[in-house]
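Below is one structure, written out as structure tokens, with a few remarks after it.
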Amino acid sequence: MQKYKAKAFIKDASACGEKKYESIGNGWDYRYEGKKVVGSALLYQKKVIHMAFFRVTEGEKVGPMAGYSRRRGFRTD
Numbered sequence: 001m002q003k004y005k006a007k008a009f010i011k012d013a014s015a016c017g018e019k020k021y022e023s024i025g026n027g028w029d030y031r032y033e034g035k036k037v038v039g040s041a042l043l044y045q046k047k048v049i050h051m052a053f054f055r056v057t058e059g060e061k062v063g064p065m066a067g068y069s070r071r072r073g074f075r076t077d
């Protein structure tokens, strides 16, 4: 990847809006959405456990995150 593309991607990720949700496990889920980038992060005890961002087109966006009670139903024990 060319350096300018990496810098542009980081700039787009930094411009994303942020929403915070209580995780169904431990910590907090953060969701990020921008015009060209979406992402998510899991924080536990103020430390980032996982974070990922992806470039997307408008057609690839799927909508808001499911609520806590609905996500709880997705859980496998």
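Here the sequence shown stands for residues 1 to 77, numbered as in UniProt numbering.
Where is the CB? At the ideal position from N, CA and C, for every residue including glycine.
Item                                                                         : Value
Residue(s) in a DSSP beta bridge with Y32                                    : E18, G39
Per DSSP, cross-strand counterpart(s) of F53                                 : G39
Distance between K36 and Y44 (C-alpha atoms, nearest Å)                      : 27 Å
Inter-residue CB distance, residue 88 and R31 (contact presumed, cutoff 8 Å) : With the chain running from 1 to 77 in the structure shown, residue 88 is simply not present.
Under 8 Å between C-beta atoms of F54 and G39                                : yes
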